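Enquirer:
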Amino acid sequence: MGRHTCLFDLHVALGARMVDFGGWDMPVAYGSQIEEHQAVRNSFGVFDVSHMCIVDVTGARTRELLGRLLANDIGRLTTVGKALYSCMLNDRGGVIDDLIVYRMEDDNFRLVVNAGTRDKDMAWIGAHAVNLDVRLLERRDLAMLAVQGPQARERTASLLAYDGSRSVLALKPFYATRLGEWFVARTGYTGEDGFEVMLPASEAGAFWQRLNSAGARSCGLGARDTLRLEAGMNLYGNDMDEHTNPLESGLTWTVAFDPPERDFIGRTALESIRARGSQSKLVGLVLDERAVLRSHQRENVPGIGEGEVTSGTFSPTLGHSIGLARVPSATQGLVEVDVRGRLLPARVVQPPFVRHGKVLVQ
Amino acid sequence: MSNIPADLKYARSHEWVRQLADGNVEVGISDHAQAALGDLVFVELPEVGRAVAAQEACAVVESVKAASDLYAPVAGSVVAVNEALGKEPELINQDPYGRGWVMRVKPEAGANSELLSASDYKAIADEG
Numbered sequence: 001m002g003r004h005t006c007l008f009d010l011h012v013a014l015g016a017r018m019v020d021f022g023g024w025d026m027p028v029a030y031g032s033q034i035e036e037h038q039a040v041r042n043s044f045g046v047f048d049v050s051h052m053c054i055v056d057v058t059g060a061r062t063r064e065l066l067g068r069l070l071a072n073d074i075g076r077l078t079t080v081g082k083a084l085y086s087c088m089l090n091d092r093g094g095v096i097d098d099l100i101v102y103r104m105e106d107d108n109f110r111l112v113v114n115a116g117t118r119d120k121d122m123a124w125i126g127a128h129a130v131n132l133d134v135r136l137l138e139r140r141d142l143a144m145l146a147v148q149g150p151q152a153r154e155r156t157a158s159l160l161a162y163d164g165s166r167s168v169l170a171l172k173p174f175y176a177t178r179l180g181e182w183f184v185a186r187t188g189y190t191g192e193d194g195f196e197v198m199l200p201a202s203e204a205g206a207f208w209q210r211l212n213s214a215g216a217r218s219c220g221l222g223a224r225d226t227l228r229l230e231a232g233m234n235l236y237g238n239d240m241d242e243h244t245n246p247l248e249s250g251l252t253w254t255v256a257f258d259p260p261e262r263d264f265i266g267r268t269a270l271e272s273i274r275a276r277g278s279q280s281k282l283v284g285l286v287l288d289e290r291a292v293l294r295s296h297q298r299e300n301v302p303g304i305g306e307g308e309v310t311s312g313t314f315s316p317t318l319g320h321s322i323g324l325a326r327v328p329s330a331t332q333g334l335v336e337v338d339v340r341g342r343l344l345p346a347r348v349v350q351p352p353f354v355r356h357g358k359v360l361v362q
Numbered sequence: 363m364s365n366i367p368a369d370l371k372y373a374r375s376h377e378w379v380r381q382l383a384d385g386n387v388e389v390g391i392s393d394h395a396q397a398a399l400g401d402l403v404f405v406e407l408p409e410v411g412r413a414v415a416a417q418e419a420c421a422v423v424e425s426v427k428a429a430s431d432l433y434a435p436v437a438g439s440v441v442a443v444n445e446a447l448g449k450e451p452e453l454i455n456q457d458p459y460g461r462g463w464v465m466r467v468k469p470e471a472g473a474n475s476e477l478l479s480a481s482d483y484k485a486i487a488d489e490g
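Residue numbers (the working numbering), protein chains in the order written: chain X, 1 to 362; chain Z, 363 to 490.
1) Could you name the residues of chain X that Z/V426 contacts, counting a contact when the two beta carbons are closer than 7 angstroms?
2) Is Z/D488 helix, strand or coil by DSSP?
3) So X/V301 packs on X/V335, CB below 8 angstroms; how close in whole Å?
4) Anyone know if the C-beta pair for X/F109 and X/V57 falls short of 7 angstroms?
5) For X/N300, list the residues DSSP reports as bridge partners.
6) Taking only three categories from DSSP, how would you classify X/H356?
7) Below 6 angstroms CB to CB, which residues in the same chain sit around Z/A480 once its five sequence neighbours on both sides are set aside?
8) If the criterion is Cβ atoms closer than 7 angstroms, does the pair X/G116 and X/G220 meet it?
9) Tell me which residues of the region 6-28 of chain X have at least one Cβ-Cβ distance to chain Z shorter than 9 angstroms, keeping chain order.
10) Which residues in chain X sit within 9 angstroms of Z/A397, going by Cβ to Cβ distance?
11) Less than 8 angstroms between the CB atoms is what I'm expecting for X/T310 and X/D239, so what's the real figure, rounded?
12) Short check: CB of X/W182 to CB of X/L159, under 7 angstroms?
13) Using beta-carbon positions only, say whether Z/H376 and Z/A397 come within less than 7 angstroms of one another.
14) Nearest to X/P259 by CA position, among X/I74, X/G188, X/Q38 and X/I304, is which residue?
15) Secondary structure at X/A71, three-state DSSP: helix, strand or coil?
16) Check the Cβ of X/R340 against every Cβ in chain Z and list those closer than 7 angstroms, keeping chain order.
17) If you reduce the DSSP assignment to three classes, tell me which class Z/A395 lands in.
18) Within 7 angstroms of any Cβ in chain Z, is that where the Cβ of X/R290 sits?
19) In chain X, what lies closer than 7 angstroms to Z/D509 by C-beta?
20) Contact defined as beta carbons within less than 8 angstroms: I believe X/H356 pairs with X/G232. What is the distance between those atoms, to the nearest angstrom?
21) Considering only DSSP beta bridges, list what X/E105 is partnered with.
22) How is X/S280 classed by DSSP in three states: helix, strand or coil?
23) Just to confirm, is the Cβ distance from X/L65 to X/L132 under 7 angstroms?
24) Less than 8 angstroms between the CB atoms is what I'm expecting for Z/D401 and Z/E452, so what's the real figure, rounded?
25) Does Z/L407 pass the burial test, meaning 16 or more other C-beta atoms within 10 Å, or should it be called exposed?
26) Which full runs of the alpha helix (DSSP H) of 4+ residues lie inside the region 33-89 of chain X, going along the chain?
27) List in chain order: all unbroken alpha helix (DSSP H) runs of 4+ residues lying wholly within the region 175-216 of chain X.
28) Is the beta carbon of X/L142 sitting closer than 7 angstroms to the one on X/V197?
29) For the alpha helix (DSSP H) that contains X/M122, what are its first and last residues?
30) What residue ranges within the region 402-476 of chain Z form continuous alpha helix (DSSP H) runs of no fewer than 4 residues, ordered along the chain?
31) Does the Cβ-Cβ distance between X/D48 and X/T5 come in under 7 angstroms?
32) Relative to the alpha-carbon of X/N212, which residue among X/D121, X/E308 and X/Q148 has its alpha-carbon at the smallest distance?
33) Taking DSSP as the reference, what is the three-state secondary structure of X/I273?
34) Can you give me the Cβ contacts of X/H37 inside the same chain, cut-off strictly under 7 angstroms, excluding the 5 residues immediately before and after it?
35) From the DSSP output, read off the bridge partner residues of X/F365.
36) Between which two residues does the alpha helix (DSSP H) holding X/R140 run?
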């Protein structure tokens, strides 16, 4: 049996089908996964993402630590409340994890890292923190709910435990604010507007039910995966890992080579990869045939080489299958994917596939 | 808990089999199987007239999550397929033992099938 979030009993009572996800028993869907997906595209839904690991990092030299650990530049968090997406790399430029870092106060930062990488992340960060006298505090006392969809912000603002509707509605994308013990961020993993709310675990069940009463559909990790893939967002472990680097994973935009004097771990490796050019790249695929792309399917790129699907699913918004794939750098146009023994043509596109309810690919 | 009608037979691979009055059998996937697969998005049906061996993969049901083969529970020939699944694969989710049927097979003479009773299948379904 896996670990339980504080909302486990509520999920079961709501009829969720529970599955193992990175060592946690999590709801994959409460009914129809496609209807949950569409609720987030068209109105709003709520996800339990409390399995993710929240770590508060404090100490006078925190900025120095994160400047060394993160490929994106912590210096971009010029104001309190700003958030930044970044990879954390090893010496070879491989991705240890991807995360979001929030600036809480001047020298206090909050990291949200993946559930499945929690142990190695804590060990890695801890090993680098020890000489800087920086403290890590894992916040298992908090739950995290993602409320996502075009109506999410408006409908959620009045349901918070604190009277903070004006300040949360004023948040710009990738900004967060603290409301007492709650922390509300305008971030997400669906391609829709919304909030991620970190709050005391003891208050999470009641908040979830208030959201349901206000019309939020309970959504499982199944819908979260189809939503993030339509939004062209990478999933750690599928689309990048320690053996691949951000430059070949569609994440070049998250690597801050400027300022040139910032010596982050992996920088030297990435600079030499950048100088000689990446061998491969991550692209989007659209399959027009009645079949579904799945991770690890092999691809033939005519005249160029081979590739592999890293994430694939049926796209509820498009009505056919989409995926992300790692292919040789020269790839364009069409590839052939081995789908259950048949070679099917898939079109190479630039993700995202869908953002804010709109289809962005043909 | 999944629904396992007592008047049907079941295969270990999660198909159900209904004996029809004309001697043919109707085949679909169990409620337990459709729930495990989640939302169905494509169904690949066999051609009518195709000869099938027992336990031969002859259709594919594909959900958002995974593709799964449907195996013939008995040797024979396919006499009908549920064309409605082409446009509405979700019929399998909504009504697995009714409008979500997949195919009808005319068993070949003397064909044996090793099918389970509802109670024996329930024991398998409960294991996961």
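Backbone N, C-alpha and C fix where the C-beta goes; we use that ideal spot for every residue, glycine too. Note that this is a predicted model, so its numbers are computed, not measured.
Expert: Once the coordinates are examined:
1) Q33, I34, G222, T226, T313 and F314
2) Here Z/D488 sits in helix by DSSP.
3) 5 angstroms
4) For X/F109 and X/V57, yes; Cβs fall inside 7 angstroms.
5) Bridge partners of X/N300: X/E306 and X/E336.
6) coil
7) I366 and A368
8) no
9) Cβ contacts with chain Z: R17 and V28.
10) R17
11) 5 angstroms
12) Taking C-beta atoms as the reference points, X/W182 and X/L159 fail to come closer than 7 angstroms.
13) no
14) X/I74
15) coil
16) A429
17) helix
18) yes
19) A question about residue 509 of chain Z goes unanswered here, because the residues of chain Z that appear run from 363 up to 490.
20) Taking 8 angstroms as the upper bound for CB-CB distance, X/H356 and X/G232 are not in contact here, some 13 angstroms apart.
21) Partner(s): X/N108.
22) strand
23) yes
24) Approximately 7 angstroms separates the beta-carbon atoms of Z/D401 and Z/E452; this is inside 8 angstroms, confirming the contact.
25) buried
26) 33-42 and 62-69
27) 201-213
28) In this structure, X/V197 does not lie closer than 7 angstroms to X/L142 by Cβ.
29) R118 to A129
30) Taking 4 residues as the shortest admissible run, the region 402-476 of chain Z contains the following complete alpha helix (DSSP H) segments, listed from N- to C-terminal end: 453-456.
31) yes
32) Cα-wise, what sits closest to X/N212 is X/Q148.
33) Correct three-state label for X/I273: helix.
34) A223, T226, L227 and P316
35) Since the first residue of chain X shown is 1 and the last is 362, residue 365 of chain X is not available in this structure.
36) Counting along the chain, X/R140 falls outside any alpha helix (DSSP H), and DSSP gives it neither H nor E.
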